[in-house]
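First comes the structure, then the notes that go with it.
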Amino acid sequence: MTNFEERLTGGHPNSLGNTVEVVEEVLVENKLFNELFNCYFSNDEIVRLRTSNAMKRVCKVNKPLLIPYIDRFLSEISKIDQASTQWTLSQLFEMLEKDMSNGQIKKAKEIMKNNLANHNDWIVLNQTMNTLTKWSKKDENLKLWIIPQLERLTSDTRKSVSGRAHKMLKALGL
Numbered sequence: 306m307t308n309f310e311e312r313l314t315g316g317h318p319n320s321l322g323n324t325v326e327v328v329e330e331v332l333v334e335n336k337l338f339n340e341l342f343n344c345y346f347s348n349d350e351i352v353r354l355r356t357s358n359a360m361k362r363v364c365k366v367n368k369p370l371l372i373p374y375i376d377r378f379l380s381e382i383s384k385i386d387q388a389s390t391q392w393t394l395s396q397l398f399e400m401l402e403k404d405m406s407n408g409q410i411k412k413a414k415e416i417m418k419n420n421l422a423n424h425n426d427w428i429v430l431n432q433t434m435n436t437l438t439k440w441s442k443k444d445e446n447l448k449l450w451i452i453p454q455l456e457r458l459t460s461d462t463r464k465s466v467s468g469r470a471h472k473m474l475k476a477l478g479l
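With my numbering applied, the sequence shown has no gaps in its numbers, which climb one by one up to 479 at the end.
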């Protein structure tokens, strides 16, 4: 047993710890992906944060490993009340869009719309604005929904959030 959960714990919360080494092992031995995925269910917030980071790294190199898990990202991981999980989902949804069914994309939009409307974490807001704005370029209903959200966020006191909202409105031609 590789015991990824134990190896992803400890140290400073903002450090990667052993994340890169775990990702390298999964990329060499793909059958270990499920063990990494199950680290999302750890009671340790740091393990979940590093698992999210690992998912992005794996997806960039070997996206097919994540495709069979799309439904679980939508139904299980989206329910984890942790900012790093939510901002990672926005990034993963963008990377996996071409591999998702219409129903999966619809569910991903619901999750991200809820996060954009209700979350307060600046990274969640920025990553979610990014993905939803890109997707709204080919979805008129989403575009109509996101414009007032972006307008609201232009007044956010955090420069990164308000600046991103302005940038996204400009990307939509507004």
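Glycine included, C-beta positions come from ideal geometry on N, C-alpha and C.
Keep in mind it's a predicted model, so treat the numbers as computed, not measured.
If the five residues before and after A470 are omitted, its C-beta is found closer than 6 Å to the C-beta atoms of L455, L458, T459, all from its own chain and listed in chain order. Boundaries of the alpha helix (DSSP H) around K464: 464 to 476.
If you ignore the 5 residues before and after F338, its C-beta comes within less than 6 Å of the C-beta of V331, L370, all in its own chain and listed in chain order. A straight line joining the alpha-carbon of T324 with that of L354 spans about 10 Å.
Ranking I385, L474, N358 by CA distance to the CA of P318 puts N358 first. Taking one beta carbon from each stretch, the region 425 to 433 and the region 407 to 414 have fewer than 3 pairs nearer than 8 Å; the two do not touch. Secondary structure in the region 386 to 448: the alpha helix (DSSP H) runs of 4 residues or longer, each lying completely within the stretch, are 388 to 401, 407 to 423, 427 to 441 in chain order. Looking from the CA of T307, the closest CA among K336, G316, N407 belongs to K336. Assignment of P453 by DSSP, reduced to helix, strand and coil, places it in the helix class. Judged by DSSP secondary structure, S320 falls outside any alpha helix (DSSP H); it is assigned neither H nor E.
Of the residues F342, R362, I351, the one whose Cα lies closest to the Cα of E326 is R362. In the three-state scheme derived from DSSP, where H, G and I count as helix and E and B as strand, T307 is classed as coil. A direct Cα-to-Cα measurement between W440 and V352 gives close to 30 Å. About 13 Å separates the CB atoms of M405 and C364; that is not less than 8 Å, and the two are not in contact. Distance from the CA atom of E311 to the CA atom of T356, rounded to whole angstroms, is 12 Å. In terms of CA proximity to T314, S347 leads the group S347, L447, E334, I416. Relative to the Cα of M360, the nearest Cα in the group S380, E329, D386 belongs to E329. Secondary structure note for F342: its alpha helix (DSSP H) is the uninterrupted segment 338 to 342.
Counting other Cβ atoms within 10 Å of its Cβ, T436 reaches 16 or more and is therefore classed as buried.
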